[in-house]
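Asker: Please read through the structure below; I'll follow up with questions.
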Amino acid sequence: MKQSRLIGLLCLLFLFALPLSVRAEDSLRISSTIGPVDAGILPLLATTFTQETGIAVAMEKAGTGATLKKAESGTFDLVMVHARKLEDAFVAAGFGIDRRDVMYNDFVILGPENDPAGIRGMKSAAQSFAAIAKAGKPFISRGDNSGTHVKEMEIWQASGITPSGPWYEVYADGAKGNKATTLYVNERQAYTLMDRATWLTLKDKVSITPLVENDPIMLNLIAIIRVNPERFPGVHKDAALKFADWLVGDEAQTLIRDFGKEKFGQPLFFPNSDSWKAKHGN
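Under mature numbering (1 follows the signal peptide of the UniProt record, and there is no 0), the residues of the sequence shown are numbered -24 to -1, 1 to 258, in order.
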């Protein structure tokens, strides 16, 4: 079975995994940023967790901003997100507790092979953005307050440029996620900021390629936050805590470390829990 089909089946399994008769302590509701779901790592982790604990997992996916907004209603037990500024605000407002680092990968700047803005090999993401703006070459933004969009705007701020003009396009369907955005950018033969995992899963379908990478500003930290049970007494706090503890443990972190190696020749994500780093280093 092709990986994309398997991922789709896993997502459907967990999306509809919570009949009304399931007891709260035996179920977990996750709102997640889109990337870990589309890449397949979160469905794999959820499947393994359910097999070991009997706790059914249901998940929904959206950009980080939308994910956190949904969780403010108390209808989810845990979120998986990747925009620290938004995460800290969510916790400070009393909606979430117990933020934990889980995994990371990085962003790259994708662009056409012929690189009309001449950014290939630049070491600075901010300087690359400035070069694209100066050349007036097409740049596509998700524009949806997702973690990817938040990181993009951080880089624009570092460049000293407020992007605007006909060369800068906010993708109308950016909220559909990085996969849809990458495919659109490829159609337009434009530039964009994208997480490496998305590009790896699509590299055989697109001609755009990483032109700038390995700038520390493009690190992509993915974390979990439990929804605050004191603010929302109906959350499944025991299931959320059990999943959080399991996710940062050696078994889940090893699954993260190895995910994608066989298919892509490199992992799509890297383990990043405090306990893993204490044992194995960064």
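Ideal Cβ placement from N, Cα and C applies to all residues, glycine included.
Name, in chain order, the residues that DSSP records as bridge partners for aspartate 77.
Answerer: On the sequence shown, position 101 is the one that residue 77 refers to. DSSP, once it has assigned bridges, lists Ala199 as partnering aspartate 77.
Asker: With DSSP run on the structure shown, which of helix, strand or coil describes alanine 69?
Answerer: Along the sequence shown, read from residue 1 onward, the residue named residue 69 stands at position 93. Correct three-state label for alanine 69: coil.
Asker: If you run the structure through DSSP and keep just helix, strand and coil, what is serine 117?
Answerer: What you label residue 117 is simply residue 141 of the sequence shown in a count that begins at 1. It is a strand residue.
Asker: Looking at the unbroken alpha helix (DSSP H) that takes in aspartate 226, where does it start and where does it end?
Answerer: Position 250 of the sequence shown, counted from the first residue, corresponds to residue 226. Counting along the chain, the alpha helix (DSSP H) containing aspartate 226 begins and ends at 226 to 234.
Asker: In the DSSP assignment, what residue or residues form a beta bridge with proline 186?
Answerer: Taking the first residue of the sequence shown as position 1, residue 186 is located at position 210. Beta-bridge pairing links proline 186 to Leu86.
Asker: Name the DSSP beta bridge partners of aspartate 171, please?
Answerer: If you number the sequence shown from 1, residue 171 lands on position 195. Per DSSP, the beta-bridge partners of aspartate 171 are Phe83.
Asker: Does the Cβ-Cβ distance between tryptophan 143 and leucine 86 come in under 9 Å?
Answerer: In the sequence shown, residue 143 corresponds to position 167, counting from 1. In the sequence shown, residue 86 corresponds to position 110, counting from 1. In this structure, tryptophan 143 sits away from leucine 86, with a CB-CB distance that is not shorter than 9 Å.
Asker: For a quick check, are the C-beta atoms of alanine 199 and glutamate 36 less than 9 Å apart?
Answerer: Here residue 199 is taken as the residue at index 223 of the sequence shown, counted from 1. Here residue 36 is taken as the residue at index 60 of the sequence shown, counted from 1. No, the pair does not count as a contact, with Cβ atoms beyond the cut-off.
Asker: Would you report the Cα separation of alanine 65 and isoleucine 73, rounded to the nearest angstrom?
Answerer: Working through the sequence shown from its first residue, we reach residue 65 at position 89. Working through the sequence shown from its first residue, we reach residue 73 at position 97. The straight-line gap from Cα to Cα measures roughly 11 Å.
Asker: Going by DSSP in three states, serine 49 sits in which element: helix, strand or coil?
Answerer: Numbered from 1 along the sequence shown, position 73 holds the residue referred to as residue 49. Serine 49: coil per DSSP, three-state reduction.
Asker: For the beta strand (DSSP E) holding isoleucine 6, just list the boundary residues, first then last.
Answerer: As a working mapping, residue 6 is identified with position 30 in the sequence shown. That run of the beta strand (DSSP E) goes 3 to 8.
Asker: Using the three-state DSSP reduction, which class does proline 243 fall into: helix, strand or coil?
Answerer: Within the sequence shown, the letter at position 267 stands for residue 243. The answer is coil: DSSP assigns proline 243 none of H, G, I, E or B.
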